[in-house]
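These notes are about the structure you will find just below.
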Amino acid sequence: MKKAVLGVLITLFVSCNNESENLASENKTPDQPSMADKSAAICGSDLVRQKFLSENPEAAQRMLQIENNTADYIEQKKMGKVLPDGSVEIPVIFNVLYTNSTNNVSDARINSQIDVLNKAFASTHANVSNIPAAFQPVNAGDTKIKFRLVQINRKSTTTSNWTPNDNMKKTSTGGINATDPTKYLNIWVVNYMPYQTGYVLGYATFPESAGLWNDGVVMMDEYVGEGGPVATHNKGRVTVHEVGHYLNLRHIWGDANCGNDFVDDTPQQITNHRGVPSYPKMETCGGVSRSTMFMNYMDYSDETTLFMFTKKQNDRMQASISANGPRAGLRLL
3 MKKAVLGVLI TLFVSCNNES ENLASENKTP DQPSMADKSA AICGSDLVRQ
53 KFLSENPEAA QRMLQIENNT ADYIEQKKMG KVLPDGSVEI PVIFNVLYTN
103 STNNVSDARI NSQIDVLNKA FASTHANVSN IPAAFQPVNA GDTKIKFRLV
153 QINRKSTTTS NWTPNDNMKK TSTGGINATD PTKYLNIWVV NYMPYQTGYV
203 LGYATFPESA GLWNDGVVMM DEYVGEGGPV ATHNKGRVTV HEVGHYLNLR
253 HIWGDANCGN DFVDDTPQQI TNHRGVPSYP KMETCGGVSR STMFMNYMDY
303 SDETTLFMFT KKQNDRMQAS ISANGPRAGL RLL
């Protein structure tokens with residue numbers, strides 16, 4: 003069982019590695035890796051978070067408080083002091099920055115993304131039957147978290163490359179300002195996000211950024227909704243992954259060799275997975291061999307392979323949107 007050691011969180015996340023520093027200039031145009039080369043594609047949430055925490059000690063303190071509150075919420079729920087329903091509908095604003103008709107993601111694709119989010123968080127998609135029997139008991143089922151599209155903002159731009167430095171979130175740097183991030187989940191859609199030798203599919207702010215000007219999710223247009231051009235990632239589940247971060251889920255491997263995602267019902271694993279692994283995929287951490295949960299939304303597997311959250315992951319998400327949580331402003335009951 004994995005337990006959160008809250009006292010070391012500040013050291014863990016403030017100690018940025020070199021990978022999170024010196025983000026490339028937005029207007030440079032490096033050679034772009036092939037969109038089919040998934041080994042060069044990453045989720046940028048943790049990289050952006052490490053840099054943010056290293057530059058903002060007060061945010062690191064908020065993160066620690068959120069972790070303490072999350073642990074308290076989970077304990078209160080165990081003791082029967084929190085009602086398990088907790089249904090919440092989150093209002094969503096899409097901010098689309100496009101350079102041509104191809105990357106001006108259609109209303110239909112955006113609406114399909116909302117549908118994908120709702121099915122993923124309710125566990126009503128067709129792939130739910132593929133969850134291995136060993137993991138069925140911990141499947142979150144209906145998380146009681148729903149999403150409702152409120153508005154789509156569009157802006158034509160000549161900027162095709164947006165590094166993960168939040169410039170797309172400000173009109174003063176060519177982007178679109180967030181619509182009240184205390185009450186809405188803002189999702190920005192951009193053409194391309196280069197990072198070092200690869201690119202970032204998407205990234206999200208974690209709850210310590212709740213309500214700040216840059217709070218929300220950023221996605222490359224290829225990965226929004228169903229029917230995008232990248233065959234391995236055209237089901238809208240990359241956005242599900244990023245919204246998981248927004249609601250306080252970490253990568254399932256804990257961003258370290260046999261790391262800790264602070265969730266007790268996800269098996270520990272060596273690192274992320276890509277492609278389409280075969281179940282069971284056995285890995286050994288702490289001297290214990292177990293099958294990994296590579297089909298969890300918080301892994302890196304191809305989208306055809308991602309189709310579950312766990313009950314304890316849902317506890318973390320519910321804590322973030324609870325009446326006393328950092329994202330309480332999203333609650334539309």
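Position in the sequence shown (first residue = 1) + 2 = the numbering used here. A virtual CB, placed ideally from N, CA and C, is assigned to each residue, including glycine. These figures come from a predicted structure and were not determined experimentally.
Check: residue i C-beta below 7 Å from any heavy atom of the ligand PLP
i	result
residue 63	Summarising the ligand content, the structure contains no ligands, and the ligand PLP is consequently not present.
Through-space distance from residue j to residue i, alpha-carbon basis
i	j	result
residue 214	residue 171	11 Å
residue 204	residue 221	4 Å
residue 297	residue 189	24 Å
residue 67	residue 245	21 Å
residue 122	residue 110	18 Å
residue 265	residue 130	21 Å
residue 2	residue 193	This structure does not reach residue 2, given that the chain is present from 3 up to 335, and the question cannot be answered.
residue 161	residue 252	31 Å
residue 209	residue 49	15 Å
residue 303	residue 157	32 Å
residue 277	residue 256	19 Å
residue 223	residue 243	15 Å
residue 103	residue 237	21 Å
residue 226	residue 153	16 Å
residue 168	residue 95	16 Å
residue 85	residue 41	In this prediction, residue 85 has a pLDDT of 48, which is less than 50 and means its spatial position is unreliable; nothing more can be read from the coordinates.
residue 2	residue 329	With the chain covering 3 to 335 only, the question about residue 2 has no answer from this structure.
residue 254	residue 108	32 Å
residue 235	residue 218	21 Å
residue 211	residue 128	34 Å
residue 43	residue 240	11 Å
residue 22	residue 250	Unreliable positioning characterises residue 22 in this predicted model, as indicated by a pLDDT of 42, which lies under 50. The coordinate reading is nonetheless provided below. Near 19 Å, if we compare the C-alpha coordinates of residue 250 and residue 22.
Cβ neighbour criterion (16 or more within 10 Å) applied to residue i
i	result
residue 89	exposed
residue 334	exposed
residue 30	With a pLDDT of only 46 at residue 30, under the threshold of 50, the placement of this residue in the model should not be trusted, and no figure is reported.
residue 263	buried
residue 139	exposed
residue 261	buried
residue 196	buried
residue 229	exposed
residue 63	exposed
residue 258	exposed
residue 61	buried
Residue from the options whose Cα sits closest to the Cα of residue i
i	options	result
residue 70	330, 331, 322, 332	322
residue 286	269, 311, 314, 65	269
residue 46	316, 291, 248	248
residue 65	331, 332, 327	327
residue 202	55, 212, 191	191
residue 134	77, 309, 197, 319	309
residue 289	275, 141, 311, 271	271
residue 336	275, 80, 267, 54	An answer regarding residue 336 cannot be provided, because it is not within the stretch 3 to 335 covered by the chain.
residue 207	54, 314, 318	54
residue 282	113, 332, 132, 125	132
residue 106	116, 159, 124, 60	159
Cβ-Cβ separation, residue j to residue i (assumed contact under 8 Å), whole Å
i	j	result
residue 58	residue 97	With a Cβ gap of about 23 Å, residue 58 and residue 97 do not count as contacting.
residue 324	residue 100	Contact doesn't hold; Cβ gap of about 36 Å is too wide.
residue 151	residue 92	That pair is no contact at about 10 Å.
residue 73	residue 293	Actually they are not in contact, since the Cβ atoms of residue 73 and residue 293 sit about 27 Å apart, beyond 8 Å.
residue 142	residue 312	6 Å
residue 120	residue 148	6 Å
residue 331	residue 181	Not confirmed; about 13 Å, so no contact.
Identity of the residues DSSP links to residue i by a beta bridge
i	result
residue 96	154, 189
residue 206	219
residue 200	197
residue 45	204
residue 312	141
residue 293	284
residue 149	92
Any chain D beta carbon closer than 8 Å to residue i
i	result
residue 221	Given the protein chain composition of this structure (a single chain), no chain D is represented.
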